[in-house]
Structures are given as C-alpha cells and as structure tokens.
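> Here it is: the structure, laid out below.
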Amino acid sequence: MDKREQLIEIATKLFSEKGYENTPLSVVCEKANVSKGLISHHFKSKDGLLREIFLRTTNLIVEINSFDKKNKSPNEQLVELLESFFSQLEADKLFFQFNLNMIVQPSTREILDDLIKERSSFILEKTKEIFDKIDAENALVKSHLFIAELDGIALSYLGIYKDFPLKEIKEQIMKKYA
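Numbering-wise (the numbering used here), the sequence shown opens with residue 3 and increments by one.
This is the structure we're talking about:
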C-alpha cells in the first residue's frame with residue numbers, strides 16, 4: 003500500500019473513532035509515519051483529506067446500487083439492494099461509522115455539504131427508480147421511508163444497541179420488501 007492509501011486508511015479509522023475535530027493531522031501523520039507535507043501534497047489540507055475519504059465512501063455506495071437490474075422485478079431489486087446493504091454493514095462497520103459521524107457533526111457537514119447532497123440525491127434517485135415500478139403515485143415517499151429505515155438500522159447497530167438483533171431485523175425487512 004502506498005503512503006497516500008495508508009493516509010486515507012488511517013485517517014478514516016481515526017476520524018471514525020475519535021471524530022474529525024478531535025483528530026489532529028499530527029496524529030494521522032504519526033500513525034501513518036509520514037510528514038504533514040505529504041498530506042499537503044496529496045490533499046492540500048485536512049478538509050481535503052476528509053473530502054477524499056467521503057468521495058471513496060460514496061463510491062462504495064454507488065457499488066452497492068450497481069447490481070444488475072435487468073430481468074428482475076422491483077421487489078427482487080429491493081431484496082438485492084438489502085442483501086448488499088446488510089453484507090456491507092456487517093463487513094465494514096468502519097465505513098458506516100465514518101459516514102454517520104461525518105454527516106451528523108455540524109463542522110464536517112459544512113465541509114462536505116455539497117458531497118452529502120450529491121450522494122443523497124443519487125441514493126434517492128436510485129431507490130425511487132425501483133419504487134416507481136411498484137407504486138408510482140407514492141414512490142417518492144416510499145423511497146424516503148425505505149432510506150430512513152436503513153439509516154435507522156445502521157444507527158441502531160453501530161451506536162445505540164450493543165446487542166442489536168441485526169440478523170432478525172434483516173429477516174423482517176426482507177419479508178417486508180420481498
């Protein structure tokens with residue numbers, strides 16, 4: 003792994019665990035064993051590093067939504083989307099924790115506002131494409147509700163309940179949308 007990738011990985015972990023405001027660049031540099039100049043060279047600033055990490059997490063979300071939709075009913079598409087979501091949630095808690103922390107912190111939300119809006123629009127658009135085929139009249143509201151359910155599941159799993167019944171929740175939501 004090159005130094006740039008190492009910086010991104012370490013900064014993601016530290017920003018997720020300690021928060022963006024509580025993670026000085028000096029700590030990121032120390033853990034990555036690089037100089038502050040390298041961050042300036044690759045990312046211009048701490049904010050630039052944050053934006054790069056957020057863009058990468060957005061790319062993962064695009065991948066989750068890029069499954070083959072041909073020859074699949076809307077409900078099959080929802081099930082595939084849910085499978086991908088739950089697999090990613092279990093496999094990469096750090097990814098979800100980073101996103102949650104960055105979106106809810108006012109200081110990072112301001113830095114990432116344009117990227118958050120762009121990502122949210124993409125997610126809503128892709129979800130609405132599926133719900134348009136199920137119930138065109140209520141597709142927008144149902145899309146918002148579906149996204150809110152997944153956000154709530156992620157929040158509960160990551161930060162609220164130590165013994166969150168993720169497997170059982172997954173079973174119930176799969177039944178609901180299958």
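Glycine included, each C-beta is placed from N, C-alpha and C at the ideal position.
Remember, it's a predicted structure, so these values are computed and weren't measured experimentally.
Could you tell me the boundaries of the alpha helix (DSSP H) in which L114 lies?
Reading the sequence shown from its first residue, position 112 is the one you call residue 114. First-last of the alpha helix (DSSP H) with L114: P108 to I136.
> Tell me where the alpha helix (DSSP H) around N61 begins and ends.
To locate residue 61, count along the sequence shown from 1; it is residue 59. Residues K48 to I66.
> Is N103 closer than 8 angstroms to F17 when the C-beta atoms are compared?
Reading the sequence shown from its first residue, position 15 is the one you call residue 17. Reading the sequence shown from its first residue, position 101 is the one you call residue 103. Taking 8 angstroms as the Cβ cut-off, F17 and N103 qualify as a contacting pair.
> For Q99, I'd like the list of residues in its chain whose CB is within less than 6 angstroms of its CB, leaving aside the five on either flank, ordered along the chain.
Position 97 of the sequence shown, counted from the first residue, corresponds to residue 99. Answer for Q99: S18 and L160, listed in chain order.
> Could you say which of K15, E151 and M3 lies nearest to I55 if we only look at CA atoms?
Along the sequence shown, one-based indexing puts residue 55 at 53. The shortest C-alpha separation from I55 is found at K15.
> How about the region 86-94 and the region 36-43: do they share at least three Cβ pairs that are nearer than 8 angstroms?
No, because fewer than three Cβ pairs between the region 86-94 and the region 36-43 fall closer than 8 angstroms, the two stretches do not touch.
> Beta-carbon within less than 7 angstroms of L152's beta-carbon, same chain only, minus the 5 sequence neighbours each way: which residues are those?
Reading the sequence shown from its first residue, position 150 is the one you call residue 152. These residues qualify, in order along the chain: F87.
> DSSP state of S37, grouped into three classes?
Within the sequence shown, residue 37 is the residue found at index 35, counting from 1. Coil, per DSSP.
> Within a Cβ cutoff of 7 angstroms, which residues of the same chain sit near A180, ignoring the five residues on either side of it in sequence?
In the sequence shown, residue 180 corresponds to position 178, counting from 1. Result list for A180: N77 and V81, in chain order.
> In whole angstroms, what separates the C-alpha of C31 from that of S47?
What you label residue 31 is simply residue 29 of the sequence shown in a count that begins at 1. What you label residue 47 is simply residue 45 of the sequence shown in a count that begins at 1. Whole-angstrom Cα-Cα distance: 12 angstroms.
> Please list the terminal residues of the continuous alpha helix (DSSP H) segment that includes E151.
Stepping through the sequence shown from its first residue, residue 151 is reached at position 149. First-last of the alpha helix (DSSP H) with E151: A141 to L157.
> Note down, in chain order, each residue of its chain lying with its Cβ closer than 7 angstroms to the Cβ of S8, except the 5 sequence neighbours on either side.
By 1-based counting over the sequence shown, the position of residue 8 is 6. The sequence as given places Gln at residue 8; Ser does not occur at that position. Taken in chain order, the residues that qualify are A34.
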